[in-house]
Amino acid sequence: MKQKIQSFGRFLSGMVMPNIGAFIAWGLITALFIATGWIPNEKLSSIVSPMLTYVLPTLIAYQGGKMVGGERGGVMGAIMTIGVICGTEYTMFMGAMIAGPLAGWIIKKFDKAVEGKIPAGFEMLVNNFSVGIFGLVLAIIGFFLIGPFMGAVLAVLNAGVDVLVNHGLLPLVSIFVEPAKVLFLNNAINHGIFTPLGAEQVAEAGKSIFYMIETNPGAGTGVLVAYWLFSKDRVTKASAPGALVIHLLGGIHEIYFPYVLMNPILLLATIGGSVAAMFFNTILGLGLSGPASPGSVIAYVGMAPKGSTVLVLLSVVVAAVVSFLIAAPLIKLTNGKQSLEESQSQMKAMKAEAKGVTVDAADVKHIVFACDAGMGSSAMGATVLKKKLAAVGRDDIEVTHASVSEIPAGTQIVVTHKDLQERARKSAPQARLVLISNFMSAPEYDQLAQELSR
1 MKQKIQSFGR FLSGMVMPNI GAFIAWGLIT ALFIATGWIP NEKLSSIVSP
51 MLTYVLPTLI AYQGGKMVGG ERGGVMGAIM TIGVICGTEY TMFMGAMIAG
101 PLAGWIIKKF DKAVEGKIPA GFEMLVNNFS VGIFGLVLAI IGFFLIGPFM
151 GAVLAVLNAG VDVLVNHGLL PLVSIFVEPA KVLFLNNAIN HGIFTPLGAE
201 QVAEAGKSIF YMIETNPGAG TGVLVAYWLF SKDRVTKASA PGALVIHLLG
251 GIHEIYFPYV LMNPILLLAT IGGSVAAMFF NTILGLGLSG PASPGSVIAY
301 VGMAPKGSTV LVLLSVVVAA VVSFLIAAPL IKLTNGKQSL EESQSQMKAM
351 KAEAKGVTVD AADVKHIVFA CDAGMGSSAM GATVLKKKLA AVGRDDIEVT
401 HASVSEIPAG TQIVVTHKDL QERARKSAPQ ARLVLISNFM SAPEYDQLAQ
451 ELSR
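Numbering follows the UniProt record's numbering, with no gaps: position 363 of the sequence shown is 363.
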């Protein structure tokens, strides 16, 4: 079940994450040029609405269609989504997430049905007109069916959101978000749910509290500082400061997940910190003008609307302080029961079982470091592993990073977190899996480098 939820969440976030730069651009335009922005400009603020209504949903739909049906699927998804957009008054992020993959699937099925049956010389004619005709039909379906239907769904969802906000219940969402994050659903929650909801609020008020729920780095900061100061386990204590820098400044939240997973009672700390910050944000009416991605304190403060920079920073401090105050005594009480070394020793047996395929060291030319989204922790891990391999004379091995669901075909060795094992095995059944439990202090890095040394 966890694997299926992760895969579905990864699919949703996969449509949004490649377009986060566009969301940030729109957020900055909003923060700068609307009437209440840093430098109000009536002409430039006219960019805000068309970008929100047409550009962002179309980019999402194109990406969703491309994920299912390639480039032709992306074009189909964009065409259908224009119909969906024009069929309702609501911003159609959710409609785009449905229309894009659906249109991509339809053209993919058509292409498969006519494969090998098109007379020579007519390929371009069939390819172009098939997209044109199917696109016409799907745009009409989007206008009359999907647009109005998703408009009704959004009306209900918006009413539910209003109830949470008006009754001060929104902070309780963190009770569900924090445990889901450490199961590597952070990208799915943030980019698949909160980013579209947040865009709706920004369009109306110039800021959104939804951008502050999952991205606040304070809760993880409190846990890592508590480990740094009070852990009696040498490996854990030594690795925590480095993890803290990468988490807080680099915005790679996955770095603190293993510290919580090896001592799950610390979920109380992350939940407490997040809930406290959300109460702080709700009471003061705070919000961000765009998604803080990655969830770095720099990006978090950088997306603060005019006049709220200090308060937005304080929300990070509130989360960190509350999380630390809860985590510190818990770590002291459980020091003798849990350690990274214990977790790593448990992983060795799992690693031996997971290897499956053995690879001759001399033949290894490509290693992939995989994480949920293929951007944050995997990019960092790939950099660390490259240095380890170079130190033993194997700088000839290419080390790249990728999403665990999109590991390139032919990959020989895959390095990934233990919680992503099943997804990695499904994505790359031919590869040997090297499983780690901590991104910062994984002994598997050195073990693999020594194994592949000349």
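All C-beta atoms, glycine included, are put in the ideal place defined by N, C-alpha and C.
Pick helix, strand or coil for residue i, following the three-state DSSP scheme.
i	result
Arg432	strand
His167	coil
Glu204	helix
Ser403	strand
Ile397	coil
Leu286	coil
Val316	helix
Phe369	strand
Ile213	coil
Pro443	helix
Val364	coil
Val415	strand
Asn438	coil
Lys232	coil
Ala409	coil
Met375	coil
Val392	coil
Does the Cβ of residue i have 16 or more other Cβ atoms within 10 Å, making it buried, or fewer, making it exposed?
i	result
Glu254	buried
Lys43	exposed
Trp38	exposed
His450	In the sequence as presented, His is not what sits at residue 450; that position holds Gln. Burial call: exposed.
Gln430	exposed
His191	buried
Gly83	buried
Phe122	exposed
Gly376	buried
Gly14	buried
Phe8	exposed
Asp372	buried
Lys386	buried
Gly73	buried
residue 491	Here the chain comprises residues numbered 1 to 454, so residue 491 is not present and cannot be evaluated.
Val310	exposed
Which whole-angstrom value describes the C-beta separation of residue i and residue j, a residue pair presumed to lie in contact below a C-beta threshold of 8 angstroms?
i	j	result
Val177	Ser274	7 angstroms
Met150	Thr53	That belief does not hold up - the Cβ atoms of Met150 and Thr53 are roughly 14 angstroms apart, past 8 angstroms.
Val434	Ala402	With 8 angstroms as the limit, Val434 and Ala402 do not qualify as a contact, their Cβ atoms being about 14 angstroms apart.
Ser296	Gly250	6 angstroms
Gly222	Phe134	Incorrect: roughly 52 angstroms between the Cβ atoms, too far for contact.
- Task: Check whether the stretch 133-143 touches the stretch 78-93, taking contact to mean three or more Cβ pairs, one atom from each stretch, closer than 8 angstroms.
- Result: Between the stretch 133-143 and the stretch 78-93, the count of Cβ pairs shorter than 8 angstroms is three or higher; the stretches touch.
- Message: Please give the ranges of any alpha helix (DSSP H) in the stretch 88-164, keeping only runs that are unbroken, at least 4 residues long and fully inside the region.
- Response: 93-114, 123-141
- Query: Hey, which unbroken runs of the alpha helix (DSSP H) at 4 residues or more fall wholly within the stretch 244-313?
  - Reply: 257-261, 267-284, 297-302
- Message: Please give the ranges of any alpha helix (DSSP H) in the stretch 29-95, keeping only runs that are unbroken, at least 4 residues long and fully inside the region.
- Response: 42-45, 56-86
- Query: Touching or not, the stretch 113-122 and the stretch 221-238, by the rule of three or more beta carbon pairs under 8 angstroms?
  - Reply: no
- Message: Would the stretch 94-113 count as touching the stretch 61-73 if we require 3 or more Cβ pairs under 8 angstroms?
- Response: yes
- Query: Would you call the stretch 198-216 and the stretch 231-245 in contact, with 3 or more CB pairs under 8 angstroms?
  - Reply: no
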